[in-house]
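These notes concern the structure reproduced below.
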Amino acid sequence: MSDLDGPEIEIQTLPLDGWHRARGGRMVEFAGYHMPVQYEGIMAEHLWVRESAGLFDVSHMGQIVLSGEGLDEALEALLPADVKGLPLGKMRYSLLLAENGGILDDLMLSRWPESIYMVVNGAVKYDDIAHLRMELPDEITLNQLDERVLLALQGPKAFEVLKRHVTGRYPLDALTFMAGGPFELAGTECWISRSGYTGEDGFELSFDATEAERIADLLCAEPEVKPIGLGARDSLRLEAGLPLYGHDLDTETTPVMADLGFALSKRRREEGSFPGAERILVEREQGPVTKRVGLMVEGRQPVREGAAVLDADGSEVGKVTSGGFAPSVGAPIAMAYVPAAMAAPGTVIQIAQRGKVHQATVTAMPFVPHRYVRAGGK
Amino acid sequence: MSRYFTEDHEWVDVDGDIGTVGISEYAQSQLGDIVFVEVPEAGKEVAKGDEAAVVESVKAASDVYSPVSGTVLEGNAALGDNPGLVNEEPESDGWFFKLTLSDPEELKGLMDEAAYAAFVAKL
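If you read the sequences in order, they're chains A and B. Residue numbers for the first sequence follow the working numbering, so the first one is 1332 and each next one is one higher. Residue numbers for the second sequence follow the working numbering, so the first one is 487 and each next one is one higher.
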């Protein structure tokens, strides 16, 4: 295989490429694919998802199935999740970690009957696959499900819409947040999980790419549903306080710096047996030097990725990693890495961007409350 | 009064030696939802091609370049509270700033409405 990171790589098209264009999607290059950044406009699409339901094409993401003898132990050598304790049909958020504790990618794991289904970020999926092939023992088989699309239906009306088209061994309500199962979606075999990256209730749908146009049409024919582009996906996840790999997470950040301590399972911490455990567990005890925080920015002007966080003397001590105008908040918000001493909610900090200094206040995330439908009725 | 356009999608209306500057319908449609506009203060000297204003959409920040040289008379105060005016009325109420032209000869290098329409059609 050739090096897939080079700039000479041709931009790929998704199975729904023509569908996006026919729907008026404005296409941009993202993660090596032509993808729709917006249809009618980011603001309108964002607000629509918060009040109704939106359909996102996230087929650029890597869908991987791992199987084989000793899979759970083998995976646990690469990430800090309790894979052995993952029950059938349940999902876990986890992190592929480098030996120094840096984050190679963030991902979702689901237990299938004889395998683990993994969804990884599109921009680094080939690196992830290379890493997994290199590090996992020969007994483990890796299949990339590149003949499948992945669509996300997100928003408070996602459930009622999807229910109209789904049949299965059990009703769709059997799925709560971070659970999945096999269903038939309008006659097509489909893995459905109650998950997503908007902070809203919603579902992710993995099924054969040859059915993609038919099912996208069917869902968007429902009055509650509109297609939503990458622009609103980004502003929704930012409001939900969810980090984006390559921006808020990278090989220089650790789970503790990134405030993703929940991804370090208790048993795995006690065993100290994941990559970078030595450093990560010390950081967890003593606190990280810098930490990912949320910021409410004063005024109306957004601060963007790359803007500098300043200390009282005006020296650069951190960086904004995501920032923009938050449609549901009605104000600019951001995520940044700041020194531990500046990370407490309520701390007022200064941000320099294009020769101008902005005031911002460290704020607990999410910026907009999550509305997940969790087990136990909450 | 005549209207001129730049290849960067600014327009300038010229009435005597007073110019009014904004961004085109095409520019606002490309930017998408505008959430913040920063206009120059009265008295600021700008040269043709200088960054004179900033426009921010949900996605990104863009500079607005002055199509001509001159001295700023006023920025459009209405955009402070209602930056969306640039989306709604880019070529009228959503103007950015007015200036006194220091070199009206510069207008010769700009496009008229027909030339700009042809320019945009090729993009």
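Beta carbons: idealized from backbone N, C-alpha and C, even for Gly.
Nearest CB-CB separation between B/D536 and chain A: not below the 8 Å threshold. Contact between A/I1559 and A/V1359 is ruled out by a C-beta separation of about 14 Å, above the 8 Å threshold. A/K1597 has its alpha-carbon roughly 50 Å from the corresponding atom of B/E524. The Cβ-Cβ distance between A/A1483 and A/E1553 does not fall below 8 Å. CA-to-CA, the gap between B/S543 and A/G1562 works out to about 11 Å. About 21 Å separates the beta carbon of A/L1516 from that of A/S1446, a gap too long to meet the 8 Å contact definition. The three-state reading of DSSP puts A/I1460 in helix, counting H, G and I together. For A/Q1632, the nearest beta carbon of chain B is closer than 8 Å to its own beta carbon.
Counting only runs of 3 or more residues that sit fully inside the region 1602–1663 of chain A, the beta strand (DSSP E) segments are 1621–1628, 1639–1641, 1647–1657, in chain order. For B/S588, the closest C-alpha among the options B/F491, B/D503, B/W497 is that of B/D503.
Ranked by Cα distance from B/N562, the first of B/E575, B/S555, B/D519 is B/E575. With a threshold of 8 Å between beta carbons, B/A528 makes no contact with chain A.
Among the residues of chain A, none has a CB under 9 Å from the CB of B/G561; the nearest is roughly 15 Å distant. Partner residues in the beta bridge of A/M1666, as assigned by DSSP, are A/G1625, A/S1653. Rounded to whole angstroms, the gap between the alpha carbons of A/E1520 and B/G566 is 52 Å. Annotation for B/F522: no alpha helix (DSSP H) segment contains it, though the beta strand (DSSP E) segment containing it runs 520–524. Assigned with DSSP and collapsed to three states, A/H1365 falls in strand.
Residue environment for A/A1384: buried (at least 16 other C-beta atoms within 10 angstroms of its C-beta).
Chain B places no beta carbon closer than 8 Å to that of A/Q1475, leaving this residue out of the contacts. Here the alpha carbons of A/S1526 and A/Y1424 stand approximately 10 Å from one another. Going by beta carbons, A/V1699 and A/S1646 fall outside the 8 Å limit. Residue A/T1678 holds the alpha-carbon nearest to the alpha-carbon of A/Q1690 among A/H1701, A/L1427, A/T1678. An exposed status is given to A/R1705, since fewer than 16 other beta-carbon atoms sit within 10 Å of its beta-carbon. As the crow flies, the alpha-carbon of A/G1654 is around 44 Å from that of A/E1400.
Boundaries of the beta strand (DSSP E) harbouring A/I1434: 1434–1443, taken from the DSSP string. Our two residues, B/E599 and B/R489, have alpha carbons roughly 7 Å apart in a direct line. Using a Cβ-Cβ cut-off of 8 Å, A/P1658 counts as an interface residue toward chain B, since at least one Cβ of chain B sits closer than that to its own. Within the region 1637–1665 of chain A, G1655, F1656, P1658, P1663 place their CB atoms closer than 8 Å to a CB of chain B, listed in sequence order. Between the region 1495–1504 of chain A and the region 1668–1675 of chain A, the count of C-beta pairs closer than 8 Å stays below three; the two stretches do not touch. Neighbourhood of A/R1635 in chain B, by CB distance below 8 Å: A546, A547, in chain order.
Taking a Cβ-Cβ threshold of 9 Å, the residues of chain A close to B/F522 are G1630, R1631, Q1632, P1633, F1656, P1663, in chain order.
Within the same chain, Cβ atoms closer than 6 Å to the Cβ of A/V1389 are found at L1481, A1483, the five residues on either side in sequence being excluded. The straight-line gap separating the alpha-carbon atoms of A/M1374 and A/E1629 is approximately 20 Å.
The straight-line gap separating the alpha-carbon atoms of A/L1567 and A/E1376 is approximately 10 Å. When Cβ-Cβ separations below 8 Å define contact, B/D499 makes no contact with chain A.
Taking a Cβ-Cβ cut-off of 7 Å, the neighbours of A/M1374 in chain B comprise D519, V544, given in sequence order.
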